[in-house]
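**Student:** Mind looking over this structure? Questions follow.
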Amino acid sequence: MKTIFVCQQCGGTSPKWLGRCPDCQAWNTLVEEKTAPARDSRAPTSSSRPQRLPQVAVTKEDRRRCGIGEFDQVLGGGIVAGSFILIGGDPGIGKSTLLLQAVSRLSEQGSALYVTAEESARQVKLRADRLGVSPRDVFLLAETSLEAILERVAELKPAFLVIDSIQTIFTAALDSAPGSVSQVRECASRLMQVAKGDGIPTFLVGHVTKDGAIAGPRMLEHMVDTVLYFEGDPGHPYRILRAVKNRFGSTNEIGVFQMKDRGLAEVSNPSELFLSERPDGAAGSAVVPALEGSRPILVELQALVSTTSFGTPRRTTMGFDHNRVSLLVAVLDKKVGLSLPAQDIFLNVAGGVRLDEPAVDLGVMAALASSHLNRAIPQRTIVFGEVGLAGEVRAVSHPDLRVKEAARLGFNRCILPAGNLKNLEAPPGLRLMGVKSAEEMLEDIF
Ligand code: TYD
Ligand code: MG
1 MKTIFVCQQC
11 GGTSPKWLGR
21 CPDCQAWNTL
31 VEEKTAPARD
41 SRAPTSSSRP
51 QRLPQVAVTK
61 EDRRRCGIGE
71 FDQVLGGGIV
81 AGSFILIGGD
91 PGIGKSTLLL
101 QAVSRLSEQG
111 SALYVTAEES
121 ARQVKLRADR
131 LGVSPRDVFL
141 LAETSLEAIL
151 ERVAELKPAF
161 LVIDSIQTIF
171 TAALDSAPGS
181 VSQVRECASR
191 LMQVAKGDGI
201 PTFLVGHVTK
211 DGAIAGPRML
221 EHMVDTVLYF
231 EGDPGHPYRI
241 LRAVKNRFGS
251 TNEIGVFQMK
261 DRGLAEVSNP
271 SELFLSERPD
281 GAAGSAVVPA
291 LEGSRPILVE
301 LQALVSTTSF
311 GTPRRTTMGF
321 DHNRVSLLVA
331 VLDKKVGLSL
341 PAQDIFLNVA
351 GGVRLDEPAV
361 DLGVMAALAS
371 SHLNRAIPQR
381 TIVFGEVGLA
391 GEVRAVSHPD
401 LRVKEAARLG
411 FNRCILPAGN
421 LKNLEAPPGL
431 RLMGVKSAEE
441 MLEDIF
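Just so you know, the sequence shown maps onto residues 1 to 446 in full-length UniProt numbering.
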C-alpha cells in the first residue's frame, strides 16, 4: 500500500515528509498516512441522463421542523431530507446539548440514532435527565467504529442520525488514527453516501482547532450541505448558532440561545437580553445596532479609559478586533483632536458577543470618548456607522433594519451616517441624526 504525507490542517499532500506544509505553510502538520484502497475505476453504469433545464421535475422540499425555532431558522426553515449538516464549535460550548435537545424533539416525527463516540451512553442519559427529556424514540449507540455504526444504521433505519463527533470515529479500511485527515474524510464520505442514499438527515459534530476552523481538512466543509458554528464565550451564558454555509437556505441566519441549568433556551428577543444589565447614565457605555446575518441585535459597548500607571499604556479589547480599536484611537487623536496617548484603554462588548462589523466603529468611538470625557451618552441614544481613516463616517448596509430595531426597543435618537439617510424613513418615536464625520458625531451625541 502506498503511503503519503497529509497536512492535518489543510489536507494538502506530499510524497515525502516535509517540516512545513507547502500548501498552507503550517509547520509540523504533515503526518504519514496510508492511501485508501483504490476504488474500482470502472464506474457502474448509471441511469442518469442529461435533461433540459426546464424539464427538470421540481418537487417541493420537504422540511422537518424540530420545534426549536432558532434552530429551525438557522437551517433555513427546517431540515431537508438527506441533508448532511456539520456543527462545529469549541469544546464545552454546548454542541452535544443542542443536538440532544433537537433530536429529542425530532424523534416525535421518527426515530433518531444518536451515536456517541466521545461519551458513554450513561453520560448522555445523565445529560438527558438534566435536560428533562426522555424521548422513547432516541436510540443511543456508544460506538467509534464506522463499520459498526453503518451496520446499526442499516438495521434501525433511523429517520435522523447524529454522529458526535466525526473526529472520534474511524474506519478499519484505513490504519491512520481517528481524527486524522484521511479518517475524517473517509468516514464523512461513507456517512454521506448513506445520508444521501437513504435520505437520512445526518448531523456531524466537528471539533474546532485553536484558530477556529473545524479540525480536519477544509474539504469536510466542502462536502457537507450545511456548516453551522456554535459560538459563545464560555464565561457567558449566551450562545450563537451561525450558518456559514447552507445549500438549503440563507447563510445570513443566526440563532441565539442561553445556556441554563436545564439546557439551552431560545432567546427570541436578544436585544432586550443584551441590554438588560446596562447601567443607567454611566460614562463609557454606548449602544450599537449590530447586524448578525439578517438580524439586527442591539449590544452595549463598554469602554474604560484611564491614565496609565506604567510606561506603556495597555489596550485590552474583548469581543472586538484589537487592531480596529487601535485604528479608531488613532483617528480620534489625529482627526478629532481627542488624544489618548498615556491612557490604558479597555473595550468590552457586553454579553460576550463578538462583533466584526465596521458598522460599530462609530459606537466604539462614542464609548471611548464618553469614558475619556467622563460624560454619559443619553440613555436612549443609539449610534452606528463605519469610520474611515480621515475620520469620515461612511454608510453601512441595512440601516432600515437597524433603526427599526432601535425604535422597537424604545430608543428615541439615532446617530447614523448622513449617507444612510437617503430613502430611509424614520420609525415613529426615533429621531435620525445624520453625521458626516466622527467629529460631528461627538458634537451631537452628548
Ligand atoms: P456540551 O453539550 O457537553 O458541549 P460540547 O458537546 O460542545 O463539548 O455542553 C457542556 C457544557 O454545558 C458544560 O460546561 C455544562 C453546560 N451545561 C449547562 O450549563 N446546562 C445544561 O443543562 C447542560 C446539559 C450543560
Ligand atoms: Mg460533546
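Every residue gets a Cβ at the ideal spot worked out from N, C-alpha and C, and that includes glycine.
1. Contact between the segment 382 to 402 and the segment 276 to 285 is defined here as three or more beta-carbon pairs at a separation below 8 Å; is this criterion met?
2. Looking at the secondary structure, which residues open and close the beta strand (DSSP E) in which L161 lies?
3. Report yes or no: is there a C-beta of chain D within less than 7 Å of the C-beta of I149?
4. Kindly indicate the opening and closing residues of the alpha helix (DSSP H) around K125.
5. Can we count S294 as close to the ligand MG, meaning its CB is less than 6 Å from some heavy atom?
6. If we require 4 or more residues per run, which alpha helix (DSSP H) segments fall completely within the segment 257 to 327?
7. Looking at F320 and M192, is the spacing between their C-beta atoms short of 7 Å?
8. Using 8 Å as the Cβ pair cut-off and three pairs as the minimum, do the segment 69 to 89 and the segment 247 to 261 touch?
9. Roughly how many angstroms lie between the CA atoms of N423 and R314, to the nearest whole one?
10. Closer than 8 Å is the cut-off here; do at least three beta carbon pairs connect the segment 87 to 103 with the segment 124 to 140?
11. With contact counted as at least three CB pairs below 8 Å, one residue from each stretch, are the segment 190 to 209 and the segment 160 to 171 in contact?
12. Taking Cβ positions, are V396 and D361 nearer each other than 7 Å?
13. Put I169 into one of helix, strand or coil per three-state DSSP.
14. Please indicate yes or no: does the CB of K95 lie closer than 6 Å to some heavy atom of the ligand TYD?
15. Is the closest heavy atom of the ligand TYD to the C-beta of P91 under 6 Å?
16. Going by the C-beta, is G179 closer than 6 Å to any heavy atom of the ligand TYD?
17. Out of curiosity, what's the CA-to-CA distance linking G232 and R354?
18. Provide the residue(s) that pair with A243 in DSSP beta bridges, ordered along the chain.
19. What is the DSSP secondary structure of E357, counted as helix, strand or coil?
20. In or out: S276 buried (at least 16 other Cβ within 10 Å) or exposed?
21. State the Cα-Cα distance for the pair R262 and I87, rounded to the nearest angstrom.
22. Grab the span of the alpha helix (DSSP H) containing A195 for me, first residue to last.
23. Could you name each continuous alpha helix (DSSP H) segment of 4 residues or more that falls completely within the segment 22 to 92, going from the start of the chain to the end?
24. Quick check on the burial criterion: 16 or more other C-beta atoms within 10 angstroms. Buried or exposed for T59?
25. What is the DSSP secondary structure of R380, reduced to helix, strand or coil?
26. State the start and end residues of the unbroken alpha helix (DSSP H) segment that holds A406.
27. Suppose contacts are defined by Cβ-Cβ distances below 7 Å. Is V184 in contact with G89 by that definition?
**Tutor:** Working from what's here:
1. no
2. Here residue 161 is taken as the residue at index 161 of the sequence shown, counted from 1. Looking at the DSSP string, the run of the beta strand (DSSP E) that includes L161 is F160 to D164.
3. Absent here is chain D; the protein component of the structure consists of one chain.
4. Residue 125 sits at position 125 when you count from the first residue of the sequence shown. Its alpha helix (DSSP H) spans residues A121 to L131.
5. Counted from its first residue, the sequence shown places residue 294 at position 294. Answer for S294: no, Cβ out of range of the ligand MG.
6. 270 to 275
7. Within the sequence shown, the letter at position 192 stands for residue 192. Within the sequence shown, the letter at position 320 stands for residue 320. The answer is no: Cβ separation not under 7 Å.
8. yes
9. If you number the sequence shown from 1, residue 423 lands on position 423. If you number the sequence shown from 1, residue 314 lands on position 314. Cα to Cα, the separation comes out at about 42 Å.
10. yes
11. yes
12. On the sequence shown, position 396 is the one that residue 396 refers to. On the sequence shown, position 361 is the one that residue 361 refers to. No, the pair does not count as a contact, with Cβ atoms beyond the cut-off.
13. Position 169 of the sequence shown, counting from 1, holds the residue named residue 169. Three-state DSSP puts I169 in coil, outside helix and strand.
14. Taking the first residue of the sequence shown as 1, we reach residue 95 at position 95. Yes, since a heavy atom of the ligand TYD falls inside the 6 Å radius drawn around the Cβ of K95.
15. Translated into the one-based positions of the sequence shown, residue 91 becomes position 91. Yes, the beta carbon of P91 sits closer than 6 Å to at least one heavy atom of the ligand TYD.
16. Position 179 of the sequence shown, counted from the start, is the residue given in the question as residue 179. No, the ligand TYD has no heavy atom inside 6 Å of this Cβ.
17. Start at 1 with the first residue of the sequence shown, and residue 232 comes out as number 232. Start at 1 with the first residue of the sequence shown, and residue 354 comes out as number 354. Roughly 8 Å between the two C-alpha positions.
18. For the purposes of this step, residue 243 is taken as the residue at position 243 of the sequence shown. DSSP, once it has assigned bridges, lists L228 as partnering A243.
19. Residue numbering aside, residue 357 sits at position 357 when the sequence shown is read from its first letter. In this structure, E357 counts as coil in the three-state DSSP scheme.
20. By 1-based counting over the sequence shown, the position of residue 276 is 276. S276 comes out exposed.
21. Here residue 262 refers to the residue found at position 262 when the sequence shown is read from its first residue. Here residue 87 refers to the residue found at position 87 when the sequence shown is read from its first residue. Spanning the two alpha carbons is a distance of roughly 21 Å.
22. Residue mapping note: residue 195 aligns to position 195 of the sequence shown, counting from 1. Segment V181 to D198, the alpha helix (DSSP H) holding A195.
23. 69 to 74
24. Here residue 59 is taken as the residue at index 59 of the sequence shown, counted from 1. Label assigned to T59: exposed.
25. Taking the first residue of the sequence shown as 1, we reach residue 380 at position 380. In the structure shown, R380 sits in coil (DSSP, three-state: anything other than H, G, I, E or B).
26. Position 406 of the sequence shown, counted from the start, is the residue given in the question as residue 406. Looking at the DSSP string, the run of the alpha helix (DSSP H) that includes A406 is P399 to R408.
27. By 1-based counting over the sequence shown, the position of residue 184 is 184. By 1-based counting over the sequence shown, the position of residue 89 is 89. Going by C-beta atoms, V184 is not nearer than 7 Å to G89.
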